[in-house]
Amino acid sequence: MTALRRRLIPYGLLGPGAIWLILFFAVPMYFMGEMALRSGSLDTGGFTFTWEWQNFSDALSGSNEQLVRSFVYAGLATVFALLIAYPLAYAIALRAGRFKLLLLFAVVAPFFTTYLIRTIAWKTILADASPAVDVLQFMHLVPEDGRVLATSGAVIAGLTYNFLPFMILPIYASLERMDVRLIESAKDLYASSTKAFLRVTLPISAPGIVAGVLLTFIPAVGDYVNALLLGGTGQSMVGNVIQSLYLQQRDYPEAAALSFVMMVAILAVVVVYLRLAGTGAFMGDEDERQA
Amino acid sequence: MSGAWRWLRRNALLLYAGVAVLYMLLPIIVVGLFSFDETSNGKLDYRWSGFTLDYWRNAFADESVNEAMRTSIELAALATVVATILGTLMALALVRHKFRGRGISNLLIILPMATPEIVIGASLLSMFLIYGITLGFTTLFIAHVMFSISFVVVVVRSRLIGFDRSIEEAAADLGAPPLTTFRTITMPLLAPGIVAAALLAFALSIDDFVISNFNSGTTETFPLYIFGVSLRGIPVQVNVLATMLFVVAVVCIGLVLWQQRQAERMAAVRPEAEPAL
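Protein chains in written order, with the numbering used here: chain S, 66 to 356; chain L, 963 to 1239.
Here it is in structure tokens:
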């Protein structure tokens, strides 16, 4: 085999997939930007490109409230998911023993029922006068005559549930790889359990937490299924607006502009978060990280 | 005292894990349970009325549900085959070769996973609209392959990284041409990773709602069908089919795990044995 052919092999392997991703992921992003700067209407012969920056300010002023709500809901759902996921991932990775596979399976099991069906199931669970709501009312967590469906709480609970596996799996993966002897040696050196956890376990699982937070937060901001099925009219998120602008009102330019605004806002939050977390390690190669 | 304390603490954590797992499984249990619910008009009404086997007996009685399910399975099968091939080749390139443009290739693979689905769906729709492409099965296929590729790459790559290259080198030393080595050594060892990736791609495709919602036109997949009827009333058959789908998925996963364990056991006991494939 000639040296040239050898050098071309990786491009041949990479090529087809890369072309697919460029044509149907990268290029569409450009067209969404182009669409966001068009003006006109479907009735008058469609939309033409006119550098219509107005679309962006329209999108922002029209959906300011939903945009803020999306970030608040997604942020809260991420925090709840982290609180639920960490002990579970820890238990599976370090304490489960022979139940490990079974527990892992239970964590990914929700993936095998359709997202919509899962959310509709929550609608059943949280419906008025359902046993779960009765219990919440009995414990005075919900007022006697109050309901759970069509509240912010229901939407946040739905988001938390639906993206939970994305939080559990990265944390599990980072803890799984940990050498348990590190904890033992910390204890041998007279660290308390709390201190060993804070100084050894937590830092080791940090990349998993960072990845889990991003994998939960980013899709949660853009979600519209939970708000649609579990929320009421006062709980709509930015995804609901984008979906309705695209598919019902067919105001494509404003819809595209709003999608861009949302993406830039997410990107800004992610950059700030990564700065705070002080790590970009999870973006790197798997093999480089292990080295 | 330290022994008893540690025992208690370990079980407290496991107890918590049990509760958390129950929480994860709760909606699935509800879906299964409510496939036996005797409702007055054959639609889900979000409360328990009584036990019946009617909907299981007539699981395939609702033709529109079947049609949607067929579309979903066809789409998922096609998208899985293409995405698995493209993704596996990409993973091979990334792990096995050093080349210019690795960094940007990695970025191209990671970004789709870090982009909200609604943005992927909306941007694809924008492009299709601008070019006047009719939405339907083809656009769904394009989209499903696109969002599955990245996940295939990640799964296959993790398998490739733990790969013992010395076996391949031995084959080459014994005079096997590169393609023979690839066919008889690399592929059989890589197979469990590829199967896992394909299962994941299939699950992602059959589950997808958001991206499909934007690019389906009049074609209806199973999730799109459910969404369409969710305001008018969902036939109980939806829960029956969802339960069936879940059971089939569980059996598939079980078989893959069992096969992997067998393969590992064989490799451990008789390293000189010929691979079964």
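Glycine included, every Cβ here is placed at the ideal spot set by N, Cα and C.
Just so it is clear, the structure is predicted and the values come from calculations on it, not from any experiment.
Check: When burial is assigned at 16 or more other CB atoms within 10 Å of the CB, is S:Phe-114 buried or exposed?; Outcome: exposed
Check: Using a Cβ-Cβ distance cut-off of 9 Å, determine whether S:Leu-263 contacts chain L.; Outcome: no
Check: Let me see if you follow: with CB-CB separation under 9 Å, is L:Tyr-1017 close to chain S or not?; Outcome: no
Check: Do S:Ala-142 and S:Ile-221 have their C-beta atoms closer together than 9 Å?; Outcome: yes
Check: Could you give the first and the last residue of the continuous alpha helix (DSSP H) run that contains L:Met-1174?; Outcome: A small correction: the amino acid at residue 1174 of chain L is Ser; Met does not occupy that position in the sequence shown. Segment 1172-1177, the alpha helix (DSSP H) holding L:Ser-1174.
Check: Which runs of the alpha helix (DSSP H), 4 residues or longer, sit entirely within the region 209-285 of chain S?; Outcome: 217-241, 246-253, 258-261
Check: Just reading off the beta strand (DSSP E) that S:Thr-113 is part of, what are its end residues?; Outcome: 111-114
Check: With distance defined between alpha-carbon atoms, name the residue in S:Glu-319, S:Tyr-151, S:Ser-270, S:Ile-331 nearest to S:Ser-106.; Outcome: S:Glu-319
Check: Return the first residue and the last residue of the alpha helix (DSSP H) that S:Asn-127 is part of.; Outcome: According to the sequence displayed, residue 127 of chain S carries Gly and not Asn. S:Gly-127 -> alpha helix (DSSP H) spans 119-155.
Check: Where DSSP assigns a beta bridge to L:Asp-999, which residues make up the other side?; Outcome: L:Phe-1013
Check: Answer with buried or exposed for L:Glu-1079, where buried requires no fewer than 16 other C-beta atoms within 10 angstroms of its C-beta.; Outcome: buried
Check: Give the DSSP bridge partners of S:Ser-106, in chain order.; Outcome: S:Gly-111
Check: Do L:Leu-1186 and L:Val-1027 have their C-beta atoms closer together than 9 Å?; Outcome: no
Check: Is there a Cβ from chain L that is less than 9 Å from the Cβ of S:Ala-346?; Outcome: Bear in mind that the predicted position of S:Ala-346 carries a pLDDT of just 44, short of 50, making it unreliable; the figure below should be weighed with that in mind. Not an interface residue.
Check: Just checking: is the beta-carbon of S:Phe-292 within a distance shorter than 9 Å of some beta-carbon in chain L?; Outcome: First, the residue type needs correcting, since residue 292 of chain S is Ala and not Phe in the sequence shown. No, because no Cβ of chain L sits closer than 9 Å to the Cβ of S:Ala-292.
Check: Taking only the alpha-carbon atoms, compute the straight-line gap between L:Arg-1194 and L:Asp-1007 and give it to the nearest angstrom.; Outcome: 11 Å
Check: With a threshold of 8 Å, are at least 3 pairs of Cβ atoms found where one atom belongs to the region 81-88 of chain S and the other to the region 1103-1113 of chain L?; Outcome: yes
Check: For S:Ala-256, would you say it is in contact with chain L, using Cβ-to-Cβ distances shorter than 9 Å as the test?; Outcome: no
Check: Should L:Leu-1219 be flagged as near chain S, meaning a C-beta pair shorter than 9 Å?; Outcome: yes
Check: Per DSSP, L:Lys-1005 forms a beta bridge with which residues?; Outcome: L:Pro-1197
Check: Taking any Cβ of chain C, which residues in the region 86-115 of chain S have a Cβ under 8 Å from it, in chain order?; Outcome: Within the model displayed, chain C is absent; protein chains S and L are what it includes.
Check: Under 8 Å, with one C-beta from each stretch per pair, do the region 175-194 of chain S and the region 311-331 of chain S reach the 3-pair mark?; Outcome: no
Check: Would S:Gly-296 count as contacting chain L if we go by Cβ distances under 9 Å?; Outcome: no
Check: Confirm, please, whether the CB-CB distance from S:Ala-154 to S:Ser-270 is below 9 Å.; Outcome: yes
Check: How long is the line joining the alpha carbons of L:Ala-1023 and L:Gly-1004, rounded to whole angstroms?; Outcome: 11 Å
Check: Starting from L:Glu-1036, follow the alpha helix (DSSP H) in both directions and report where the run begins and ends.; Outcome: 1025-1058
Check: Residues in the same chain with beta-carbon distance under 8 Å from S:Gly-349, minus the five sequence neighbours each way, listed in chain order, please.; Outcome: Confidence at S:Gly-349 is low in this model, with a pLDDT of 39, below 50, so the placement of that residue should be treated as unreliable; the coordinate-derived value is given next. If we look at S:Gly-349 and ignore the five residues flanking it on each side, it has no Cβ neighbours.
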